[in-house]
Structure formats: C-alpha cells, structure tokens
Amino acid sequence: MTWWEITIPTLTAEQQHGVQVFTYPETAFRVSAEARQQAALDAISADAIRHRRGAQVDLAAITVSSRHTV
Numbered sequence: 021m022t023w024w025e026i027t028i029p030t031l032t033a034e035q036q037h038g039v040q041v042f043t044y045p046e047t048a049f050r051v052s053a054e055a056r057q058q059a060a061l062d063a064i065s066a067d068a069i070r071h072r073r074g075a076q077v078d079l080a081a082i083t084v085s086s087r088h089t090v
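Numbering-wise, the sequence shown is residues 21 to 90 according to the numbering used here.
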C-alpha cells in the first residue's frame, strides 16, 4: 500500500523543535497538494494540539512524501 506522509515542524514554548507526522492512504488524495491541505487542517484540530502538548506548528514548512509499504 502507498501512503502520503506529511511532516510538520513544531516548536514548544521552551524552544524545543520537533515534528508532527500525519499519514493518509494515497487513495484518499489524488495529489500531494490535497494531502498537504488535509494535514494542515488536521494539525490545527484540538486533538492534534493536545497530542503535541500545545507546541506551535510551522505550516509553511510542511513536507510531503509518498511511502510504499509491503
């Protein structure tokens, strides 16, 4: 199966850097721009903010790649 893997850099109040990763089946989005847009929306959800303990996300620095798993 092939997946879109979207990585979004994060920064905590203590200036610690990290990433938040979202994955979607490639069949859910035809092009990477659609997967990127969905990840940006998901990143600002209450669940995502709680998951990263309130760290800020840099939506301008999103990276998208396609991953294949066996």
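For each residue, glycine too, the CB sits at the ideal point set by N, CA and C.
DSSP state of residue i mapped onto helix, strand, coil
{"i": "Arg70", "result": "helix"}
{"i": "Glu25", "result": "strand"}
{"i": "Arg50", "result": "coil"}
{"i": "Gln35", "result": "coil"}
Straight-line gap, residue i to residue j (C-alpha atoms, nearest Å)
{"i": "Thr27", "j": "Arg72", "result": "13 Å"}
{"i": "Pro29", "j": "Leu79", "result": "8 Å"}
{"i": "Val51", "j": "Trp23", "result": "11 Å"}
{"i": "Asp62", "j": "Val41", "result": "11 Å"}
{"i": "Gln36", "j": "Tyr44", "result": "27 Å"}
Spatially closest choice to residue i from the options, by CA coordinates
{"i": "Val77", "options": "Phe42, Ile64 and Thr89", "result": "Ile64"}
Can at least three beta-carbon pairs, one atom from the region 73 to 88 and one from the region 42 to 58, be found at a separation below 8 Å? Two segments are said to touch when three or more pairs of C-beta atoms, one from each, lie closer than 8 Å; by this definition the region 73 to 88 touches the region 42 to 58.
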